[in-house]
């Protein structure tokens, strides 16, 4: 059976929350609330996470890898350069001095952390992305959107749930 | 007095900020024109210096560093306030920063870009800039990894690129708003490309929040390290007036101080030029003014610590230099610096002046004059009055070339900043909506518990 996308717009978070709770409790053919439902909002709203259920964020792992990688790379490059610096007489001083090398290691630790965090953000947030099948500019203005994907047969039931919770607008489009 | 009206409709916030991208007051064009003219002066001076040599700037032994390095430190310092507002206050959940942090972040980026130019200008032989970069042993450069000058290059590069990423990541949701609301044309194409297809999904916001917080956490120690390293350029040498333990915190405090003063200046300009009276409110101005006053007192304390350390220390050359600063050729500038940096801020102590726009505008300019003089008084007097009397030269004066390039750097910064504010939203729309939303929710809660008698309407 073909899939169908529905986007419903709501005036506030309370109404959106009520819809999400109901969608999680109903059983509709071809609709899994944990996979087929996306909430779109104009602001960062931690309560959305609460009513959607906790989903893992993995950006921190990218940060850790980037920071450690950056710091290690810096120390390796600097100490390798110093180890190969035959032109300078060291006169008994350490070939690889730790205190001054710490400064550049520290800077590269941060540089790697920031760069890879941003990369991790793009990967984890799925950016850059193509427009989803349904989008309303109202979502970037002042309305909360709930995008669902289901079998064609379930779309009537979904629409009635949206209407019950005072959806301002319902858009519909056949998906893949 | 409220930081922001809680009943502003979210659609209105979009409308007001997007209007700033199209329809500023005429003063915007006047400022931009003056800034471009100032850049023209600097370009002319630099071309002349490039063709003839650093001698035309009046650089000669012992004055090998001059206004370029002083101004370089000034611009690096200016950049710190963006981090203060966007990162430190973000971690402290000070939501009054939300309408003003975007332009402070832009200020960070452009002041770092301006500072970076001075490294090249100061070299004279700009084509040899790669000597300043910390890359390994290629082309027989053999960089000295133990030199603070090299740390500087790395720290500034890290700070600049991280600040640009921080500014960009924080702007993505707003770029999507611009994309959705602009008429077809080059702007719409630009916003569509750089908004990366942002739609405000729960997945995007979830990862956005953690990323923004993570970069903020990195930026704070980074900002401190950048100006500490700049301070090390001086403090790790043996020169009188420079070899001072308190220099790193002194530099960081000075950086925050001049940055906050610049925020007041730009706050007042943007508020008028882009008609942001609704968002850049008097209450927020009052908070920045108080913050600036607090930092000015920290700077004053560290300044006095520096004087006391030199006065009661046993370094006769450093003491002689301090007396020279107070009584010699540089005395008018040294006293002006102390007056502007430590006495003028007391105007901000008075409540009635904290929201008085003309007074605060003048005060913020005077503070930055003081902070620029501070950097000059760190750099040049040490060359004029070094350890050896036969190197003394108290009468050297920077030529018009140096002054022209320094003058033009202010134009360069202003030009970049004003162009940015015309192309990108200088007030964060989504964060202002959050601020309005959370405050209205808090008010509703208070009303529900009967602690607030007044009635109010929700955010949207």
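Chains as they are written, first to last, in our numbering: chain A, 1 to 176; chain B, 1001 to 1460.
For each residue, glycine too, the CB sits at the ideal point set by N, CA and C.
Note that the structure is predicted; figures quoted are calculated from it, not measured.
- Within 8 Å of the CB of residue 1176 of chain B, the CB atoms of chain A belong to 140, in sequence order along the chain.
- Of the other Cβ atoms in all chains shown, 16 or more fall within 10 Å of the Cβ of residue 140 of chain A; this residue is therefore buried.
- Less than 8 Å separates the beta-carbon of residue 1250 of chain B from that of residue 1306 of chain B.
- Below the 9 Å Cβ cutoff, chain A contributes 13, 43 and 45 as neighbours of residue 1437 of chain B, in chain order.
- Taking a contact to require three or more Cβ pairs closer than 8 Å, the region 1227-1236 of chain B and the region 1361-1377 of chain B do not qualify as touching.
- For residue 1418 of chain B, the three-state secondary structure derived from DSSP is helix.
- Bounds of the alpha helix (DSSP H) holding residue 121 of chain A are 98-124.
- Rounded to whole angstroms, the separation of the alpha carbons of residue 11 of chain A and residue 1304 of chain B is 58 Å.
- Look at residue 1433 of chain B: its C-beta is under 8 Å from a C-beta on chain A.
- Around the beta carbon of residue 147 of chain A, 16 or more other beta carbons lie within 10 angstroms, which makes this residue buried.
- Residue 1009 of chain B has no beta-bridge partner at all, per DSSP.
- Around residue 102 of chain A, no beta-carbon contact reaches into chain B at under 9 Å, the shortest distance being about 10 Å.
- Scanning chain A for C-beta atoms nearer than 9 Å to the C-beta of residue 1430 of chain B yields 42, 43, 44 and 140, reported in chain order.
- When beta bridges are read from the DSSP output, residue 37 of chain A appears opposite A:148.
- Sequence-ordered contacts of the region 1202-1214 of chain B with chain A read 1202, 1203, 1204, 1205, 1206, 1207, 1208, 1209, 1210, 1211 and 1214 [C-beta pairs closer than 8 Å].
- When the beta-carbon positions are compared, residue 1172 of chain B and residue 1193 of chain B stay at least 8 Å from each other.
- Linking residue 1340 of chain B to residue 1350 of chain B through their CA atoms gives a straight-line distance of about 17 Å.
- Shortest Cα-Cα distance from residue 56 of chain A to any of A:44, A:125, A:82 and A:76 involves A:125.
- Among the bridge pairs identified by DSSP, residue 1072 of chain B is matched with none.
- Counting along the chain, residue 160 of chain A sits inside the alpha helix (DSSP H) bounded by residues 155-164.
- Contact annotation: the region 1332-1347 of chain B touches the region 1292-1301 of chain B, with at least three C-beta pairs closer than 8 Å.
- Neighbours of residue 1229 of chain B in chain A, taken as residues whose beta carbon is under 8 Å from its own, are 103 in chain order.
- Residue contact with chain B for residue 121 of chain A: present (Cβ-Cβ distance below 8 Å to some residue of chain B).
- Any Cβ of chain B closer than 8 Å to the Cβ of residue 34 of chain A would place that residue at the interface, and such an atom is absent.
- In this structure, the beta-carbon distance from residue 1330 of chain B to residue 1381 of chain B falls below 8 Å.
- Within the region 52-74 of chain A, 52, 55, 57, 59, 60 and 63 place their CB atoms closer than 7 Å to a CB of chain B, listed in sequence order.
- DSSP places residue 168 of chain A outside both helix and strand once states are collapsed to three, so it counts as coil.
- For residue 1164 of chain B, the CB contacts under 6 Å within the same chain, skipping 5 residues up- and downstream, are 1109 in chain order.
- The region 7-22 of chain A and the region 160-168 of chain A touch, with three or more beta-carbon pairs separated by less than 8 Å.
- Cα atoms of residue 1357 of chain B and residue 1268 of chain B: separation of roughly 7 Å, rounded to the nearest angstrom.
- When the five nearest sequence neighbours on each side are left out, the beta carbons in the same chain lying within less than 7 Å of the beta carbon of residue 75 of chain A are those of 101 and 105, in order along the chain.
- Within 8 Å of the CB of residue 1169 of chain B, the CB atoms of chain A belong to 118 and 121, in sequence order along the chain.
- Between residue 19 of chain A and chain B, the shortest Cβ-Cβ separation is not below 8 Å.
- DSSP places residue 9 of chain A within a strand segment (E or B) once states are collapsed to three.
- By the neighbour-count criterion, in which a residue is buried when 16 or more other Cβ atoms sit within 10 angstroms of its Cβ, residue 1183 of chain B is exposed.
- For residue 1096 of chain B, not one C-beta of chain A is nearer than 8 Å to its own C-beta.
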